[in-house]
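First comes the structure, then the notes that go with it.
Number of protein chains: 2
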Amino acid sequence: MSDYTPPLADIKFAMEAIADLGAIVASDRYSGADAATVEGILAEAGRFIAEVIAPANRDGDTIGSKWQPGGKVTVPPSFEVAYAKWVESGFGAMSFDPDFGGGGLPWIASIAVQEMLTSANMGFSLCPLLTQGAIEAIHVHGSDEQKATYLPKMLTGEWTGTMNLTEPQAGSDVGAVISKAEPADDVAPGAWRISGQKIYITWGEHDMASNIVHLVLARTPGSAPGTKGISMFLVPKFFVNADGSLGDRNAVQCLSTEHKMGIHGSPTCVMLYEGAIGWLVGGENEGMRNMFTMMNNARLSVGLQGLALAERAYQQALQYSVDRQQGRAIGAPAGASSPIIEHPDVRRMLMTQRAWIDALRALLYTNAAAIDLGAAARTVGDRDGARTWQELTELLIPLSKSLSTDVGCEMTSLALQIHGGMGFVEETGAAQHVRDIRIAPIYEGTNGIQAADLVGRKLAMRGGAVITDLLDEFDGRSAALARVEGCAAYAEQLSHATALCRTATAHLGTVAATDPRALLSASSPYLRLLGTTVCAGLLAKGVLAVAGKDDDYHRARIASARFFGEQILPTVSGLLPSILASGAPLYELSAAQLASR
Amino acid sequence: MSDYTPPLADIKFAMEAIADLGAIVASDRYSGADAATVEGILAEAGRFIAEVIAPANRDGDTIGSKWQPGGKVTVPPSFEVAYAKWVESGFGAMSFDPDFGGGGLPWIASIAVQEMLTSANMGFSLCPLLTQGAIEAIHVHGSDEQKATYLPKMLTGEWTGTMNLTEPQAGSDVGAVISKAEPADDVAPGAWRISGQKIYITWGEHDMASNIVHLVLARTPGSAPGTKGISMFLVPKFFVNADGSLGDRNAVQCLSTEHKMGIHGSPTCVMLYEGAIGWLVGGENEGMRNMFTMMNNARLSVGLQGLALAERAYQQALQYSVDRQQGRAIGAPAGASSPIIEHPDVRRMLMTQRAWIDALRALLYTNAAAIDLGAAARTVGDRDGARTWQELTELLIPLSKSLSTDVGCEMTSLALQIHGGMGFVEETGAAQHVRDIRIAPIYEGTNGIQAADLVGRKLAMRGGAVITDLLDEFDGRSAALARVEGCAAYAEQLSHATALCRTATAHLGTVAATDPRALLSASSPYLRLLGTTVCAGLLAKGVLAVAGKDDDYHRARIASARFFGEQILPTVSGLLPSILASGAPLYELSAAQLASR
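Residue numbers (this note's numbering), protein chains in the order written: chain R, 149 to 745; chain X, 149 to 745.
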């Protein structure tokens, strides 16, 4: 297995040339840091992650986290060591509120750390990721006492957090949750007794932290059916005494963990709440609203997993392609044996990965920047700016989550392919990336649900104008691109793609009101078309920012963007027929006809 | 996990409406069977496979075949039982020479059995598959004595066979083999001593059969370098006495087995030959020629794995989509919970699988039929016919192998996706299909090598006319299709796709002589474009054959073909820019630039 190299230059490029880090750090809200500071912190984080976290990745897969009789979950020894160092490092707190020990940096900086952490060790990274979601929920919706009691130790990572949504009958359909909460004023004023079984709880139980703070969705007595009657409760594994020390164990336990295709290092727990004591986070029946607060960041982070594993797998495949001698390159002397990187089809696989990685990073960091710029605008009371950035954030989220995780699966598989037979042998490590990333198109809202969100909620924003505004921006950029040497074909493809997106968007705008089946039937191909076009449009921004720079690094970024525009972007043009088709062809066969064989 | 249902109606449809089983059984060579006989045998085989072989699939994954100290390899107990029944059944011998106990049926009938066997249990199916390859090599190139000694027991499956090509330094580059053969006339006239290490030897060692017949590539003293100096040897695990009983153990042992991503049931062995005694199969230095004899059938069989696992995974996903209730279908009353098959995006995933399965079956069975019709023509001395069928066989092989295995990976992944979180949990069985099939794009010539074969050898046949003849046929078919009710859009897309194929083919014909890098750079996208178009053209044949039939089954086949033509075929149109691009964009970045991050 190859080592992991933090892609610091690429991250800097995505942040500065594409995602406008400059504007973020120039804002009042983030005036505490400049671009150079962020860069310095990321360099330090990257070094730490490569040295401390990445080496434990294989243990996560082979040893895994394991349920033990009695409900204990053990992690690989190397995870325990790495986690202790992670807590020490403080990188988990960098974008959180300084009042609770955070660093107050923009979110995009955390996203960069998270990318590297995920590349290094996806199973491990899920523990800080879930904690981050719980911090956010408590920070925005929790009481002052909850914040004071829980946030400082969660920010350091001494305590970790979980999200408890799913139940066997309530997966994509969160409204079907039946876990119950009943008043427990006998225990303490404002306390509730939580009962129910939750499944797929990531890092629901483990022994790396001294306490675990569970956020649990449940129904209070007499609550409305569906999502409107769901409340969120904070249920600590160990009660916290008034002096901050840990008290008794709460009535929550891990019944079992799942045997999964990948991320073996991350325990996926079945949690049983048997009258566990918890406290409302936010108001009664506001659980779904609270979830929505975290949703954008969580979905962006899962999208990031696609990029992160594509990056890690690519680094390994590239190294293999340089080392492995097999066959004779074109023009090499008879009898010579050449590194496989010299073979055109291997080059195609490498360039495809390289270009997609640049493209996904452009998309995801732009999405993160939109979150920061929205927050910056809100801070200074710029309501128009805040709305504009919020709209862009909302539009990009389903693209970031779905496109990046789908492409992450495709690219890790290409990286495996480059290894030939070795790729199928587990010791090589290439297969682990393919297995690990396969969950990402499923959790945090399946990619089908993201697509429904795109054509449902997001397309409807300002009657589709959020999308067409972005396409207008790309058209302007494609005109500028046409004047850059060597970029005429890229510009033409970009302009063609935006035209297809306009056709598709206008069509879906029309059917949205009259034919929901046609709208939803088109959702996934539309997401792929729009997402790929947005990637190409954002990469073009990077090209324009550095066009003319005559160093190897920037020439490589331009070549990669051009390859994306000329050879990857066109592959989505053939999705238009599926988008314009009605829903009828999908329903022409009955279930019985689908099954007849 | 769902049961496996043999797709007998679909196989019959592919054979009769598309692949011309009628012409095969009407030939002198295969006059022993009619279509109804074949159908009856397949029904019997399907029932046997579903009842006996399929239930062992999960054991193959969870227990696996395991190397034991001393070089023994044990298989799951259920494999041993299933294999004994397989031997009893006689289905392994149905297409082989009656002189050695075979059934003399056309190859396409064996392909159908093989499809079902692979769907049922891919790891298991590799044992009969490798045996079949060894039988073929011995039958065509072996001496009369070798045939008499080995074939009867190999045809029943009492003895199994292996192919020993790969060495650590010789994977895709078979010419780099260094295993040695030295004359051992001291042992017996014509005997050789074989020494060397072979890797990735499928079913190289196991305890299901009483003997294993290894075919081993090695170099004799003074042989030419590269592929020209390679000979093939027959090396039995146990020597066979003159009376047919088994004698001493040969000096070949299994050093270890690989830990693989999938097909855990199939032991992938490192084999050590330490002066093992063997005999030439065919002449000295004719090893590669012998390999080529088996290559088409072997590649077709691996292609079949893509179809077979797509089928198995689809059956399971369809059942899950009917059983699983989640969310509310469009138009369902408030508060209702609907089976997920009612959701448009799930329908899209199901229809995509269904249509691809029909398409791949059309391609693979047509390929098998071309092999049979070629053999039938040769039997009656029809040289023109033999050449025409041979050309079609040769053209289709790389399409069958690559397209089907790539699509097999994509479709098993879609099937997993339909299961949501359950798909990532191993007990569900959906993940096993994804893991099992991932080897198929790699072995038996990586898909990159298939693409090189397509643009190298196959495109050059009759100056590209083998391809354009087929495109002419499709154009004629698309004209006919345009007159079938509801098929105008399909016809138009087919005609558009053939035009793209003509442009691409003409371009590659031009650069073939002058710019090998441009040719090879285009190879993979060209294969996908041509292969998908061929699928659409073959499905059209089926539509024309049954158009107007007004029963549920045939309406479903037509709807599936139309979906393929209208919504899947167009997705390859965007590959043309990659095909027409020169090789330059793939080489614009140096290895250092690819690595800079």
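A virtual CB, placed ideally from N, CA and C, is assigned to each residue, including glycine.
Euclidean distance between Cα positions of X/Trp-215 and X/Val-223: 9 Å
- prompt: Cβ of X/Asn-312 less than 9 Å from any chain R Cβ?
  reply: no
- prompt: Which residue or residues does DSSP assign as beta-bridge partners of R/Met-311?
  reply: R/Leu-363
- prompt: What's the gap between the Cα of R/Ser-393 and the Cα of R/Phe-386?
  reply: 10 Å
query: Which of the three DSSP states, helix, strand or coil, is assigned to R/Met-149?
result: With a pLDDT of 42 at R/Met-149, under the threshold of 50, the predicted position of this residue should be treated as unreliable, though the coordinate-derived value follows. Coil at R/Met-149, not helix or strand.
Cβ-Cβ separation, X/Ala-579 to X/Leu-564 (assumed contact under 8 Å), whole Å: 6 Å
message: Let's test the definition: count the other Cβ atoms within 10 Å of the Cβ of X/Ser-179 and tell me whether it reaches 16, buried, or not, exposed.
response: exposed
Close Cβ partners of R/Leu-498 (< 8 Å) along its chain, the five nearest in sequence each way excluded: Tyr-462, Ala-465, Leu-466, Ser-469, Ile-489 and Ile-566
- prompt: I think R/Gly-685 touches R/Arg-625, with their Cβ atoms under 8 Å apart; what is that distance to the nearest whole Å?
  reply: 6 Å
query: Going by C-alpha distance, which of X/Leu-299, X/Arg-341, X/Gly-377 and X/Pro-300 is nearest X/Val-325?
result: X/Gly-377
query: Candidates R/Gly-612, R/Gly-249 and R/Leu-544: which alpha carbon is nearest R/Ala-661's?
result: R/Gly-612
query: Going along the chain, which residues of its own chain have a beta-carbon closer than 6 Å to the beta-carbon of R/Met-264, five neighbours each way excluded?
result: Pro-154, Gly-194 and Ile-197
- request: Let me know the secondary structure DSSP gives X/Thr-222 once reduced to three states.
  value: strand
query: What whole-angstrom Cβ distance do X/Leu-511 and X/Cys-683 have, given they're in contact under 8 Å?
result: 5 Å
message: Out of R/Ala-181, R/Ala-507 and R/Gly-344, which one is the CA nearest neighbour of R/Ser-548?
response: R/Ala-507
task: Using a Cβ-Cβ cut-off of 9 Å, state whether X/Met-149 counts as contacting chain R.
output: Note on X/Met-149: pLDDT 42, under 50, position unreliable in the model; the coordinate value appears next. With 9 Å as the cut-off, X/Met-149 does not count as an interface residue toward chain R.
task: From the DSSP output, in three-state form, read off X/Val-659 for me.
output: helix
- request: Could you please tell me which residues of the region 405-437 of chain X, in chain order, have their CB closer than 7 Å to any CB of chain R?
  value: Glu-406, His-407, Lys-408 and Met-409
- prompt: Which bits of chain R does X/Cys-402 rub up against, with CB to CB less than 8 Å?
  reply: Under the 8 Å cutoff, chain R gives no residues; its nearest Cβ is about 16 Å from X/Cys-402.
query: So which residues of chain X does R/Phe-711 contact, with C-beta pairs closer than 7 Å?
result: Pro-733
message: Counting C-beta neighbours from all protein chains within 10 Å, is the total for X/Lys-301 16 or more, i.e. buried, or is it exposed?
response: buried
message: For chain X, check one thing: does any of its Cβ atoms lie closer than 9 Å to the Cβ of R/Tyr-468?
response: no
task: Could you tell me whether the Cβ atoms of R/Ala-181 and R/Pro-254 are closer together than 9 Å?
output: yes
task: Can you check DSSP and say which residues form a bridge with X/Trp-340?
output: X/Pro-331 and X/Gly-426
- prompt: Using a Cβ-Cβ distance under 9 Å, would X/Gln-741 count as near chain R?
  reply: yes
- request: Can you give me, in chain order, the residues of the region 357-377 of chain R that have a beta carbon less than 7 Å from any beta carbon in chain X?
  value: Pro-373
message: Any beta carbon of chain X sitting closer than 9 Å to that of R/Ser-561?
response: yes
message: For the alpha helix (DSSP H) containing X/Asp-396, name the first residue and the last one.
response: Here X/Asp-396 belongs to no alpha helix (DSSP H); instead the beta strand (DSSP E) covers 394-397.
message: Taking 9 Å as the threshold (beta carbon to beta carbon), is R/Pro-154 in contact with chain X?
response: yes
query: Got a sec, what are the start and stop residues for the alpha helix (DSSP H) R/Trp-215 sits in?
result: No alpha helix (DSSP H) holds R/Trp-215; the beta strand (DSSP E) holding it covers 214-216.
field: Interface flag, X/Ser-726 vs chain R, CB-CB below 9 Å
entry: yes
- prompt: Going by the CB atoms, is the gap between X/Glu-330 and X/Met-419 shorter than 9 Å?
  reply: no
query: Where R/His-581 and R/Gln-317 are concerned, what is the direct C-alpha to C-alpha distance, given to the nearest angstrom?
result: 30 Å
message: Assuming R/Gln-401 is part of the beta strand (DSSP E), what are its boundary residues?
response: 400-405
query: Relative to the alpha-carbon of X/Val-659, which residue among X/Gly-596, X/Val-603 and X/Ala-628 has its alpha-carbon at the smallest distance?
result: X/Val-603
task: Flag this pair as yes or no: are the beta carbons of R/Ala-525 and R/Asp-532 separated by less than 9 Å?
output: yes
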